[in-house]
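Report on the following structure.
2 protein chains.
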Amino acid sequence: MDHAIHGRPYEQTNDGPRFRPCAPHGVLARLGDKWTILVMSHLAIATGHRLRFSELKHGIDGITQRMLTLTLRNLERDGLLNRHYFPEVPPRVEYELTAMGASMLPALEGFTSWIRDNWPHMEECRQAFDAAKIKHG
Amino acid sequence: MDHAIHGRPYEQTNDGPRFRPCAPHGVLARLGDKWTILVMSHLAIATGHRLRFSELKHGIDGITQRMLTLTLRNLERDGLLNRHYFPEVPPRVEYELTAMGASMLPALEGFTSWIRDNWPHMEECRQAFDAAKIKHG
DNA sequence: CGGAATCCCAATGGATACTG
DNA sequence: CAGTATCCATTGGGATTCCG
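Okay, here's the thing in C-alpha cells:
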C-alpha cells in the first residue's frame with residue numbers, strides 16, 4: 001500500500017483514490033453502537049478502571065441486563081476489558097479495562113471533546129436543514 | 001452539571017456516576033454506520049475537500065447509489081458538508097466539507113491512528129476469545 | 001447524472017421469563 | 001447477582017425501478 005488515511009490504506013486509481021476494506025469502519029461501528037461508549041466511559045472514571053456488573057447496570061440509565069451482557073462480551077472479545085468472576089454466593093463479577101482498553105481513552109477523549117465543542121452547532125444545522133426541507137418541499 | 005467525560009455530563013449518585021443522555025453516542029453512532037467514515041475519508045484527501053457524486057460512488061467500493069445519497073444527506077444535515085448543484089445537462093453535483101467538517105478531521109485521525117496501531121492486537125484477542133469459547137463450550 | 005420510490009431481508013435491540 | 005433464552009418490533013441497508 002502506498003498511502004493510508006484515517007487508518008485505511010488506499011490505492012490511487014485513474015478516477016481517484018480507492019480505499020480497501022479494513023479496520024476503522026469496523027471498530028468505529030462497534031464503538032458506535034448504543035451502549036459501548038457508555039460502558040467505556042464508566043470504566044474510564046472508575047477507580048482502578050474496574051466495576052462490577054451491577055454497578056454498570058445501575059449507572060447506565062435504561063440499559064437492560066441483556067444489552068449490558070452483550071456489550072461487555074463484545075468488549076471482552078476485543079481485548080478491551082477483562083472479566084473477573086468470583087464464585088461466591090451470590091456471585092460477583094467485575095469488569096476491568098485492559099492496558100489496550102485504557103490506551104484507547106485519550107484518543108476517545110480527543111474525539112469526544114471535538115463532539116462536545118461542535119455538538120451545539122450540529123444541532124443548529126440539523127434544525128435549519130429540517131426547517132428548510134419543510135418550507136420548500 | 002458537575003462533571004463531564006467523553007463529552008457526556010454526569011451526576012454523582014450514591015451508587016456511582018450516572019451519565020445523562022447526550023451527544024457522544026449520537027454522533028459516534030452516526031459516524032459509525034457503514035459508509036460515513038469512508039465518505040469523510042475521501043473528502044479529506046480530495047483537493048479542496050471537494051468531490052462530485054460520481055467520484056465518491058466510484059471511489060467507495062460496494063456502495064449503492066441509495067446509500068451514498070442517504071449518507072451524504074445525513075452529513076449535509078449535520079452541517080459537515082455542503083451540496084453544490086449545477087443545473088447543467090447532464091446535471092453535476094459536488095460535495096464539499098464545511099469548516100466544521102474539516103475541523104473534525106484531526107480528531108478523527110487521532111482516533112483512527114489508535115485503531116490502526118491496535119487493530120492487529122484486537123484481531124488476535126478476538127481469535128483467542130473465539131477459540132477459547134469453542135474449546136470449553 | 002444524480003437522485004427518489006418501492007420492496008424485501010437481515011440485524012439490532014427491547015421486554016419478559018427462567019436459572020446456577 | 002449475573003447471567004441465558006425466547007419472542008417480537010424497529011431499523012439498516014441491498015436490489016431494483018423510475019424520474020428530471
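As given, the protein sequences belong to chains A and B, one line each in that order.
Using full-length UniProt numbering, the first residue of the first sequence is number 1, and each one after it goes up by one.
Using full-length UniProt numbering, the first residue of the second sequence is number 1, and each one after it goes up by one.
Built from N, CA and C at the ideal position, the CB exists for glycine as well.
No experiment lies behind these values; they were computed from the predicted model shown.
{"Item": "Does the beta carbon of A/Glu93 sit closer than 8 Å to a beta carbon anywhere in chain B?", "Value": "One point to set straight first is that residue 93 of chain A is Val, not Glu, in the sequence displayed. No, A/Val93 lies away from the interface with chain B (no Cβ there is under 8 Å from its Cβ)."}
{"Item": "Along the chain, where does the beta strand (DSSP E) containing B/His121 start, and where does it finish?", "Value": "Per DSSP, B/His121 belongs to no beta strand (DSSP E); it is in the alpha helix (DSSP H), 105 to 135."}
{"Item": "In this structure, how does DSSP classify A/His58 when only helix, strand and coil are distinguished?", "Value": "helix"}
{"Item": "Have a look at B/Glu94 and B/Ser103 and give me their C-alpha separation to the nearest angstrom.", "Value": "20 Å"}
{"Item": "Please state whether DSSP places B/Ile63 in a helix, a strand or coil.", "Value": "coil"}
{"Item": "Going by beta carbon distance, what residues of the same chain come within less than 6 Å of A/Leu75, once the five residues before and after it are set aside?", "Value": "Leu81"}
{"Item": "For a contact defined as C-beta to C-beta under 7 Å, what are the partners of B/Val28 on chain A?", "Value": "A small fix is needed here, since residue 28 of chain B is Leu in this sequence, not Val. In chain order: Leu31, Gly32, Ile37."}
{"Item": "Which bits of chain A does B/Asn118 rub up against, with CB to CB less than 8 Å?", "Value": "Met100, Ser103, Met104"}
{"Item": "Suppose you measure from the CA of A/Leu28 to the CA of A/Glu109; what does that come to, to the nearest Å?", "Value": "14 Å"}
{"Item": "What does DSSP give as the partner residue(s) for B/Glu94 in the beta ladder?", "Value": "B/Arg52, B/His84"}
{"Item": "Give me the Cβ distance between A/His121 and B/Met100, rounded to the nearest whole Å; I'm assuming they're in contact under 8 Å.", "Value": "6 Å"}
{"Item": "Around the C-beta of B/His25, are 16 or more other C-beta atoms found within 10 angstroms, so that it is buried, or is it exposed?", "Value": "buried"}
{"Item": "Assuming A/Arg52 and A/Arg92 form a contact by the criterion Cβ under 8 Å, report the distance between their Cβ atoms to the nearest whole angstrom.", "Value": "6 Å"}
{"Item": "Which residues bound the beta strand (DSSP E) around A/His42?", "Value": "Here A/His42 belongs to no beta strand (DSSP E); instead the alpha helix (DSSP H) covers 36 to 45."}
{"Item": "Looking at C-alpha atoms only, which residue of B/Ala4, B/Gly62, B/Leu97, B/Ala107 is the closest neighbour of A/Trp114?", "Value": "B/Ala107"}
{"Item": "Can you tell me whether A/Phe86 is buried or exposed, with buried defined as 16 or more other CB within 10 angstroms of its CB?", "Value": "exposed"}
{"Item": "Taking A/His3 as part of the beta strand (DSSP E), name the residues at either end of that continuous run.", "Value": "3 to 5"}
{"Item": "So, B/Glu96 versus B/Gly59, is the Cβ gap smaller than 8 Å?", "Value": "no"}
{"Item": "Are the Cβ atoms of B/Thr71 and B/Thr112 separated by less than 8 Å?", "Value": "no"}
{"Item": "Mind checking if A/His25 is an interface residue toward chain B, Cβ cutoff 8 Å exclusive?", "Value": "yes"}
{"Item": "Please name the residue in A/Ser54, A/Thr98, A/Gln65 whose C-alpha comes closest to that of A/Pro90.", "Value": "A/Ser54"}
{"Item": "Pull up the distance between the alpha-carbon of A/Lys57 and that of B/Thr64, whole angstroms please.", "Value": "39 Å"}
{"Item": "What does B/Met122 reach in chain A if we use C-beta pairs closer than 7 Å?", "Value": "Asp78, Gly79"}
{"Item": "Do you know how far the Cα of B/Glu124 is from the Cα of A/Asp78?", "Value": "8 Å"}
{"Item": "What whole-angstrom Cβ distance do B/Leu68 and A/Gly32 have, given they're in contact under 8 Å?", "Value": "Not a contact, Cβ separation roughly 19 Å."}
{"Item": "Using a threshold of 8 Å, state whether the C-beta atoms of A/Ala46 and A/Leu105 are closer than that.", "Value": "no"}
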